[in-house]
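Numbering follows this note's numbering, in which position 9 of the sequence shown is assigned residue number 17; successive positions increment by one, without gaps.
Heads up: the structure comes next, in structure tokens.
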Amino acid sequence: MNTISCIVIDDEPLAVRLMESYVTKTPFLSLKGSFTSGTSAYSFIQDNPVDLLFCDIQMPNLSGMELSRMLPEKTRIIFTTAFSEYAVEGFRVRALDYLLKPVSYDDFLSSALK
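Right, dumping it as structure tokens:
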């Protein structure tokens, strides 16, 4: 399996650390950065294309949904959120998967393998 470059985006620092730990222990994933805002993540992505985003939906200034609409089509996204009501909209913006918080490693790994 090829290495998949990814970033983590969540406005909650604890959620960022959890997802970072999951990415780090997954051999086929390569963490390129972590961000607490959609705007800082978007700035990074413009100069550093990545394959996959693990992204919260509800964030100030630039939501995960808004960010997903700004990404190149080849960039995949897995939403991580505490709000199940966004699931349908998440799949409309071509989300690879939708994980409800708290995210277990088993669910994380299952999504990353898709």
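For each residue, glycine too, the CB sits at the ideal point set by N, CA and C.
Item to check | Three-state class that DSSP yields for I65 in the structure shown | outcome: Counting from 1 along the sequence shown, the entry for residue 65 is found at position 57. Of the three classes helix, strand and coil, the one that applies to I65 here is coil, per DSSP.
Next on the checklist: For the alpha helix (DSSP H) containing R84, name the first residue and the last one.
Outcome noted: Counting from one through the sequence shown, the residue named residue 84 turns up at place 76. Careful: R84 lies outside any alpha helix (DSSP H), inside the beta strand (DSSP E) at 84-89.
Next on the checklist: Which of the three DSSP states is assigned to V24 in this structure?
Outcome noted: Indexing the sequence shown from 1 puts residue 24 at position 16. Of the three classes helix, strand and coil, the one that applies to V24 here is helix, per DSSP.
Next on the checklist: Distance check for K109 and V24, CA to CA, integer angstroms please.
Outcome noted: By 1-based counting over the sequence shown, the position of residue 24 is 16. By 1-based counting over the sequence shown, the position of residue 109 is 101. Computed Cα separation, rounded: 12 Å.
Checklist entry - Cα separation between R77 and F87? => result Numbered from 1 along the sequence shown, position 69 holds the residue referred to as residue 77. Numbered from 1 along the sequence shown, position 79 holds the residue referred to as residue 87. So the alpha carbons of these two residues sit roughly 13 Å apart.
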